[in-house]
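In this note's numbering, the protein residues as written are 19 to 119.
Reading through the structure tokens given below for one structure.
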């Protein structure tokens, strides 16, 4: 199990073989805000799991920022852009370059 820090809050991240079998549709991840826990569906391929992590982290960011009733549509729309930004840019190198001046 690993952790991510969102604002001042540490969230544990864990993989499970099944997430909420009673849910309608496919559930690939979820956030438990009181427990500070992000759960991902274990059998996902790497890219899908990474994108799901970003999706759930966005939910947690909105929650920690005080947007308790944010929409799933907003998170769904932002997820692929944030995921591709992270994957396609070497952020450490980018931060070094922008701090040179």
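Where is the CB? At the ideal position from N, CA and C, for every residue including glycine.
Note that the coordinates shown come from a computational prediction; the quantities given were computed from them, not determined experimentally.
Return no unless some Cβ of chain C is closer than 9 Å to the Cβ of residue i.
{"i": "residue 99", "result": "Here there is only one protein chain, and chain C is not present."}
Do you know how far the Cα of residue j is from the Cα of residue i?
{"i": "residue 113", "j": "residue 21", "result": "23 Å"}
{"i": "residue 87", "j": "residue 76", "result": "13 Å"}
{"i": "residue 109", "j": "residue 52", "result": "31 Å"}
{"i": "residue 62", "j": "residue 92", "result": "23 Å"}
{"i": "residue 82", "j": "residue 118", "result": "32 Å"}
{"i": "residue 48", "j": "residue 89", "result": "14 Å"}
When the distance is taken between beta carbons, is residue j closer than 9 Å to residue i?
{"i": "residue 69", "j": "residue 56", "result": "no"}
{"i": "residue 24", "j": "residue 79", "result": "yes"}
Would you call residue i buried or exposed, if buried means 16 or more other Cβ atoms sit within 10 Å of its Cβ?
{"i": "residue 27", "result": "exposed"}
{"i": "residue 34", "result": "exposed"}
{"i": "residue 84", "result": "exposed"}
Whose C-beta lies closer than 7 Å to the C-beta of residue i among residues of the same chain, with five residues either side of it excluded?
{"i": "residue 54", "result": "27, 28, 29 and 30"}
Which residues in the same chain have their Cβ closer than 6 Å to the Cβ of residue i, if we skip the five residues on either side of it in sequence?
{"i": "residue 101", "result": "69 and 72"}
Below 8 Å CB to CB, which residues in the same chain sit around residue i once its five sequence neighbours on both sides are set aside?
{"i": "residue 105", "result": "68"}
{"i": "residue 96", "result": "76"}
Q | Complete beta strand (DSSP E) runs within the segment 28-75 (minimum length 3 residues, chain order) | A | 47-50 and 55-59
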